[in-house]
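Structure first, then comments.
Number of protein chains: 2
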Amino acid sequence: MNIGEVSKRANLPAKTIRYYEDVGLISPERRENGYREFGEVELNKLVFIGHARALGFGMSECRDLLALYEDDARESAEVKKIARNHLVQIEEKIADLQRMHGTLSDLISACAGDERPNCPILNQLSAS
Amino acid sequence: MNIGEVSKRANLPAKTIRYYEDVGLISPERRENGYREFGEVELNKLVFIGHARALGFGMSECRDLLALYEDDARESAEVKKIARNHLVQIEEKIADLQRMHGTLSDLISACAGDERPNCPILNQLSAS
DNA sequence: CTTGACCTTCCAGTCACTGGAACCCCTATC
DNA sequence: GATAGGGGTTCCAGTGACTGGAAGGTCAAG
């Protein structure tokens, strides 16, 4: 399988797949002409990484998850630990964004949004 | 005022203030010895930028807000428009994160998290 | 006169790609 | 055989918003 085919099947840009090779997540074979040759194993890894990235896992977490995925003697506790840590990060980000959302929507409500210069949003931003 | 003093007062790292000068958000005077000299105007701008960044506005939005802040003939409608656009971005990010949170917490619940290798989290990630 | 805190510039690294240039390979058609 | 196109390859640079560190200049106190 060429990179174009695996790109479609894993739903990842070819550039991204080359990048994943660069950083050592995958190691596809090479043909005589220099083209990468992907087998089912590499495709599965790419699908796996794509899903993990879509859940917001960082590259180092993907690396760890991939290692566990390939380790028949893994303990599911290890996977769960990584997932729970990530869940906490997500919750912190959501909390941050919700705090911003609350403040900002209050300010937007307070702003007339007309042709006059007076603006509670700017007032709040410049308040010390 | 030296950069250290303004750093404390605006609650921004000195490195960040220098960076803001690099990208043209502020233009403090220079003393004979090469040190930056900050006045109240520059301090106010930095406080303003700090608050805008804390609400998640990007640098180009900060630039636009700062220009409006300094424009006596502004219309609050312009400020409100920028703020509303940003609010939408925040809402999209929250929605993304909540989707991840939902999927991930379901998977975590389904995972025994013990010494056995079977793991619904890995199963889901590798599913095509 | 030295110490230490503060200031300066510049370069490199972060994260996870992404865009572009320049070039090679393979197949099909004229 | 020439050519056109749609693959593929490498390498370099840029993104956003800083951040760390090195190497060195400045200033006030003891």
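Sequence order for the protein chains is B and H. No gaps in the numbering here: position 43 of the first sequence is 43 in the working numbering, and each next residue is one more. No gaps in the numbering here: position 23 of the second sequence is 1023 in the working numbering, and each next residue is one more. In this text, a Cβ means the ideal position worked out from N, Cα and C, and glycines have one as well.
Span of the alpha helix (DSSP H) holding B/VAL79? 76-110
Please report the Cβ distance between B/HIS86 and B/GLY56, rounded to the nearest whole angstrom; I am assuming they are in contact, meaning their Cβ atoms lie under 8 Å. 7 Å
Residue range of the alpha helix (DSSP H) that H/CYS1062 falls in? 1059-1069
What are the complete alpha helix (DSSP H) segments, minimum 4 residues, inside the stretch 1014-1059 of chain H? 1014-1022, 1040-1054
Do you know whose CA, among B/GLU78, B/LEU125, B/GLN89, lies nearest H/CYS1111's CA? B/GLU78
Just confirm the distance between the C-beta atoms of B/ILE26 and B/TYR20, as a whole number of angstroms; I'd bet it's less than 8 Å. 5 Å
So which residues of chain B does H/MET1100 contact, with C-beta pairs closer than 7 Å? LEU55, GLY56, ILE90
For the stretch 1092-1108 of chain H against the stretch 1067-1084 of chain H, do three or more pairs of beta-carbon atoms, one drawn from each stretch, fall closer than 8 Å, so that the two count as touching? no
Reference H/SER1126, options B/ALA52, B/ILE17, B/VAL23, closest by Cα: B/ALA52
Interface flag, B/ALA52 vs chain H, CB-CB below 8 Å: yes
Measure the alpha-carbon distance for B/LYS15 versus H/VAL1047 and round it to whole angstroms. 40 Å
Hey, could you find the ends of the alpha helix (DSSP H) H/LEU1012 is sitting in? No alpha helix (DSSP H) holds H/LEU1012; DSSP gives it neither H nor E.
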